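K.L.:
Taking this note's numbering, I'd label the letters of the sequence shown as residues 2 to 360.
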Amino acid sequence: MITDVMKVVIAGGGPAGLITGLKLLEKGISPIILERKAEIASTACAEGCDIASLKQIPFDSSPYISKDVEGTKFLFPGGYSFSSSRKGVVIDRNRWIKGMAEEFAGRGGIIKTGAGVISIDEGMAILKNGERMAYDVLIGADGPFSVVGKYLGNKQEVLPAVQYKIECDTSEIDYMKFYFDKRFSPHYSWVFPKDRVLNVGLAGKFSQLDNFVKFLGLDGKIIKKEAGAIPVSGLAHIIARRNIALIGDAASMTNPFSGGGLTPIIHASSILSENIDNLKNYEQEIKKHPMSDPVLVKAKNLLMELTNRELEKMGKLVDGRTYEEMRFSDILRAAFHPMLIPKMLTLGRGIVITMKWGW
């Protein structure tokens, strides 16, 4: 039963923790957020999100939108590409997170910085300052190397990712771009426009990113270098046990195919807040949700295995089309490469889910 005396402790003050905290405040619960760093701040992120999902957060994100985008372009070797006209935004994530933290505290939530959870013992969260904190419900929103997730016995695969923020005139750049080219990354590379800045990154190392930047012909000043880890193993085996639950990267909710984590967090936070008094149901609802579909892991593994020759053939089949008008059955009937058909079907299913649930 949800009551105003339920003590909910959230480990992690990133998007997963803050969005969940804001959702719980709407339910009449004032949680405590424990953040290990000395202040609330962003980690590495390409910063893209679809508008519909962003509006589901009980917080006005509009002041933190750095750039509106008309859609997304997917680029392949050989100069081939297709696009989507689904509008989105690129946010200033650091300001956005700080804004949510202020909103959360202003509504009665409590944030403790420099107070990361380092272990769990006999129903108590042990903080790095030695404090022992009791809880009715503990939510692990503490990222890809989650202490709470390890306590539940989860293991997950992560990909290293790197990003530069590069000064650039972005006034005429209206699309987010994904590059599928093994010369730069075994997964994919990205270019997301912000206000006078490009987020340029990939799954891989900085040396690979340098080659990608050179390929793009970008010569603007690099104003920030970032590195992080993207969970790509699919939803964790255990995301709730008794009075402990996981969300976000801690639960490996990140779309393994696209690497997008923000949209899954937003939708999962709604499910968690609705089931804060029934975490078993939360786990069941998440596991049957489209964002947890195993095809996303299959699509990720397939993407990692594809050669540039195969990617170029696929790109040629979809060149010039838009996602909204595309019918994969038409493409497959036109294909002269039978071996590509099952691969394109898997990738196509992954794209359909990603466009709605996995930015």
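Every residue gets a Cβ at the ideal spot worked out from N, C-alpha and C, and that includes glycine. Just so we're clear, the structure is a prediction, and the values are computed from it rather than from any experiment.
1. Relative to the alpha-carbon of Gly235, which residue among Arg37, Pro194 and Gly262 has its alpha-carbon at the smallest distance?
2. How do the region 275 to 283 and the region 41 to 56 stand: do at least 3 beta-carbon pairs fall below 8 Å, yes or no?
3. Among Lys129, Val148 and Ile121, which has the Cα closest to the Cα of Tyr136?
4. At which residues does the alpha helix (DSSP H) containing Gly154 begin and terminate?
5. CA-CA distance, Trp97 and Pro64?
6. Closer than 7 Å by C-beta to Met125: which residues in its own chain qualify, once you throw out the five before and the five after it? Chain order, please.
7. Beta-carbon within less than 6 Å of Cys46's beta-carbon, same chain only, minus the 5 sequence neighbours each way: which residues are those?
8. Tell me which residue opens and which closes the beta strand (DSSP E) that Asn200 is part of.
9. Using DSSP's beta-bridge definition, name the partner residues of Val10.
10. Contact between the region 28 to 47 and the region 113 to 120 is defined here as three or more beta-carbon pairs at a separation below 8 Å; is this criterion met?
11. Per DSSP, Asp91 forms a beta bridge with which residues?
12. To the nearest angstrom, report how far apart Val214 and Val201 are at their CA atoms.
13. Could you tell me whether the Cβ atoms of Val163 and Glu227 are closer together than 8 Å?
14. Express the C-alpha separation of Ser67 and Tyr152 in angstroms, rounding to a whole number.
15. Determine the DSSP secondary structure at Met327, reduced to helix, strand or coil.
16. For the alpha helix (DSSP H) that Ser208 lies in, which residues bound it at each end?
17. Would Ala230 and Met254 be called neighbours here (beta carbons separated by less than 8 Å)?
18. Tell me the DSSP bridge mates of Trp191?
19. If I'm right that Leu273 touches Ala300 with Cβ under 8 Å, what's the distance once you round it to whole angstroms?
20. Could you give the C-beta distance for Lys99 and Ser84, rounded to a whole number, given that I count them as a contact under 8 Å?
21. Thinking just about the alpha-carbon of each residue, which of Met340, Lys28 and Glu48 is nearest to the one in Trp191?
22. Write down every uninterrupted run of the beta strand (DSSP E) in the region 243 to 313 whose length is 3 residues or greater and which is fully enclosed by it, in chain order.
23. Can you tell me whether Ser85 is helix, strand or coil according to DSSP?
24. Quick one: using the 10 Å Cβ neighbour count with 16 as the cut-off for buried, is Lys156 buried or exposed?
25. Do Leu23 and Glu123 count as a contact pair if the criterion is CB distance below 8 Å?
26. Do Tyr165 and Lys317 have their C-beta atoms within less than 8 Å of each other?
27. By the three-class DSSP mapping on this structure, what secondary structure does Val233 have?
28. For a test of the three-state rule: what should DSSP assign to Thr171, helix, strand or coil?
29. Do you know how far the Cα of Asp175 is from the Cα of Val70?
30. Mind checking whether Ile140 and Ala42 have CB atoms under 8 Å apart?
31. Taking 7 Å as the limit between beta carbons, can you name the residues of its chain near Ser271, skipping five residues before and five after?
32. What is the residue span of the beta strand (DSSP E) that Met125 lies within?
33. Relative to the C-alpha of Ile127, which residue among Val10, Ser186 and Asn212 is closest?
34. Which residues in the same chain as Val148 place their Cβ atom closer than 8 Å to its Cβ, once the five residues preceding and following it in sequence are excluded?
35. Please classify Thr114: does DSSP put it in a helix, a strand, or coil?
36. Near Val298, what residues of its chain come up, given a Cβ to Cβ distance below 6 Å and the 5 sequence neighbours on each side ignored?
P.N.:
Taking the geometry as given:
1. If you compare the alpha carbons of Arg37, Pro194 and Gly262 with that of Gly235, the shortest gap goes to Gly262.
2. No contact exists between the region 275 to 283 and the region 41 to 56.
3. Minimum Cα distance to Tyr136 is reached at Ile121.
4. Note, Gly154: premise wrong, no alpha helix (DSSP H); not H, not E.
5. When rounded, the separation of the alpha-carbon atoms in Trp97 and Pro64 is 8 Å.
6. Taken in chain order, the residues that qualify are Arg133, Met134 and Ala135.
7. Once the five neighbours on either side are set aside, the close Cβ partners of Cys46 are Arg94.
8. Its beta strand (DSSP E) spans residues Val198 to Ala204.
9. DSSP, once it has assigned bridges, lists Ile33 and Leu139 as partnering Val10.
10. In short, these stretches touch, since the Cβ pair count reaches three.
11. The question names Asp, but residue 91 in the sequence shown is Val. For Val91, which the question treats as bridged, DSSP gives the partners Gly49 and Lys68.
12. C-alpha of Val214 to C-alpha of Val201: approximately 8 Å in a straight line.
13. Yes; because the gap between Cβ atoms is below 8 Å, this pair is in contact.
14. Tyr152 and Ser67 have their C-alpha atoms roughly 38 Å apart.
15. Here Met327 carries a coil assignment [DSSP, helix/strand/coil].
16. Boundaries of the alpha helix (DSSP H) around Ser208: Phe207 to Leu217.
17. For Ala230 and Met254, no; Cβs fall outside 8 Å.
18. Trp191 is bridged by DSSP to Phe179 and Gly202.
19. About 26 Å separates the two Cβ atoms, so there is no contact after all.
20. In this structure Lys99 is not in contact with Ser84, their Cβ atoms being roughly 33 Å apart against a cut-off of 8 Å.
21. For the set Met340, Lys28 and Glu48, the Cα lying nearest the Cα of Trp191 is the one of Glu48.
22. The qualifying runs are 245 to 247.
23. Ser85: strand per DSSP, three-state reduction.
24. Exposed, because fewer than 16 other Cβ atoms sit within 10 Å of the Cβ of Lys156.
25. Result no, Cβ atoms of Glu123 and Leu23 do not sit closer than 8 Å.
26. Not a contact, by the Cβ cut-off of 8 Å.
27. In the three-state scheme derived from DSSP, where H, G and I count as helix and E and B as strand, Val233 is classed as coil.
28. Note: Thr171 maps to coil in three-state DSSP.
29. Whole-angstrom Cα-Cα distance: 5 Å.
30. No, Cβ-Cβ distance for Ile140 and Ala42 is not below 8 Å.
31. Contacts found: Lys24 and Gln57.
32. Segment Met125 to Leu128, the beta strand (DSSP E) holding Met125.
33. Just measuring C-alpha positions, the residue of Val10, Ser186 and Asn212 sitting nearest Ile127 is Val10.
34. Within the same chain, Val148 has close Cβ partners Ala12, Gly117, Val118, Ile119, Ser120, Ile121 and Gly141.
35. The answer is strand: DSSP assigns Thr114 an E or B state.
36. Within the same chain, Val298 has close Cβ partners Gly235 and Pro257.
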